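Reviewing the structure listed below.
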Amino acid sequence: MAMFETAKKRAELTNSGVIDARTLENSHKRLREIIKPGTTILDVGCGTGAMTYGIAKVVGTEGMVVGIDNNPVLIDKAREKYKDIPGLSFKEGDVYNLPFSNKFDVVTSARLLQWLAQPKEALINMVRATKVGGKVIVLDYNHEKIKWDPEVPESMKSFYGAFLRWRLESGMDNTIADKLSGMFNEIGLEEVTISSQHEKTNREDKDFQTHMSIWSGVALTRGKQMVDEGFIKEEQRKMAEHDYRAWIEAEAKSQFMYLLAVEGIKI
Ligand SMILES: C[S@@+](CC[C@H](N)C(=O)[O-])C[C@H]1O[C@@H](n2cnc3c(N)ncnc32)[C@H](O)[C@@H]1O
211 MAMFETAKKR AELTNSGVID ARTLENSHKR LREIIKPGTT ILDVGCGTGA
261 MTYGIAKVVG TEGMVVGIDN NPVLIDKARE KYKDIPGLSF KEGDVYNLPF
311 SNKFDVVTSA RLLQWLAQPK EALINMVRAT KVGGKVIVLD YNHEKIKWDP
361 EVPESMKSFY GAFLRWRLES GMDNTIADKL SGMFNEIGLE EVTISSQHEK
411 TNREDKDFQT HMSIWSGVAL TRGKQMVDEG FIKEEQRKMA EHDYRAWIEA
461 EAKSQFMYLL AVEGIKI
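Here it is as structure tokens:
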């Protein structure tokens, strides 16, 4: 299978629990700072629309927000959950083929480019959808900079390593966050700025379990895909999931996920 198609298949989201729990305020803070009533926004890779809904509440009836995602199941869920919100609509579509030109004040993607084999192509399409003088803002991870305290069990460490290799093999960039500002400059965006948006969670936090369970979720969903593709054995997957859950219960103190928001102006 060509790299592009492999990435497309591997990126497909089969469980939306983690993304459903996100809000604009807690999961795309830099975007929250720059939008205001009246702004028009395109949210690419919107998933089930939890953050897109948050955007609609801020921009209000003078503004307009479109959420777009290539997964029709997620778009159906978003439409069902957020129907009748003025100025908010959802559309099935692909970031490589956005049906907009010079249309939005702000075009954003959160945690999308990490799943693509051709992130620069995607970015060029996002720029096309942005008005001259408008802003493109991308939020994404560097998965190589994750930190757990104390270290996760060996089975999870080895699963995580295999997960990163599985992603890399299909052309995805595990370090995309640190490549974004270079890409923004290369394609001619101006006033490129970077904000740290790292996700840190400590045992005392009330949503500690939700944040930590991202990796048991990955072991369950992406792990199954990796087993089906012969990348790891089911026993390894199961052990990683089991040991990691036990580690959260008994030992985990904190997790740090490296996340940057990069923004630039279209001239
Ligand atoms: C990790 S989720 C992020 C969802 C949400 N933006 C968030 O931050 O919670 C990535 C989303 O990108 C979507 N996606 C993946 N490839 C895509 C593509 N080529 N075009 C549009 N959406 C895509 C997936 O269906 C998924 O909903």
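Numbering (our numbering), first residue to last: 211 to 477.
All C-beta atoms, glycine included, are put in the ideal place defined by N, C-alpha and C.
Please read all numbers here as calculations on a predicted model, not as lab measurements.
Based on Cα-Cα distance, which residue from Asn384, Lys443, Val269 and Trp457 lies nearest to Ala327? Asn384
Would you mind giving the Cβ-Cβ distance between Phe314 and Ala339, rounded to the nearest angstrom? I have them listed as a contact below 8 Å. 6 Å
Look at Val472 and Ile404 and say whether their C-beta atoms are less than 9 Å apart. yes
Tell me which same chain residues have a C-beta within less than 8 Å of the C-beta of Ser311, skipping the five on either side of it? Arg338 and Ala339
Tell me where the beta strand (DSSP E) around Ser380 begins and ends. Taken as a continuous stretch (DSSP letters only), Ser380 belongs to no beta strand (DSSP E), as it is neither H nor E.
List the endpoints of the continuous alpha helix (DSSP H) containing Gly264. Ala260 to Val269
What are the residues that DSSP puts in a beta bridge with Asn412? Ser464
Quick check on the burial criterion: 16 or more other C-beta atoms within 10 angstroms. Buried or exposed for Glu235? exposed
Cβ of Leu252 within 9 Å of Cβ of Leu308? yes
Going by C-alpha to C-alpha distance, which of Ile347, Leu322 and Cys256 sits closest to Asn395? Ile347
In its own chain, which residues sit with a C-beta less than 7 Å from the C-beta of Thr249, not counting the 5 before and 5 after it? Val269, Gly273, Asp315 and Val316
Check whether the Cβ of His238 sits closer than 8 Å to any heavy atom of ligand 1, and report yes or no. yes
From the DSSP secondary-structure annotation, give me the bridge partner or partners of Ile251. Val275 and Val316
With respect to 8 Å, is the separation between the Cβ of Val254 and the closest non-hydrogen atom of ligand 1 below this value? yes
Please list the terminal residues of the continuous beta strand (DSSP E) segment that includes Val358. The sequence given here has Trp at residue 358, not Val. It spans Lys357 to Asp359 - the beta strand (DSSP E) in which Trp358 sits, taken as one unbroken run.
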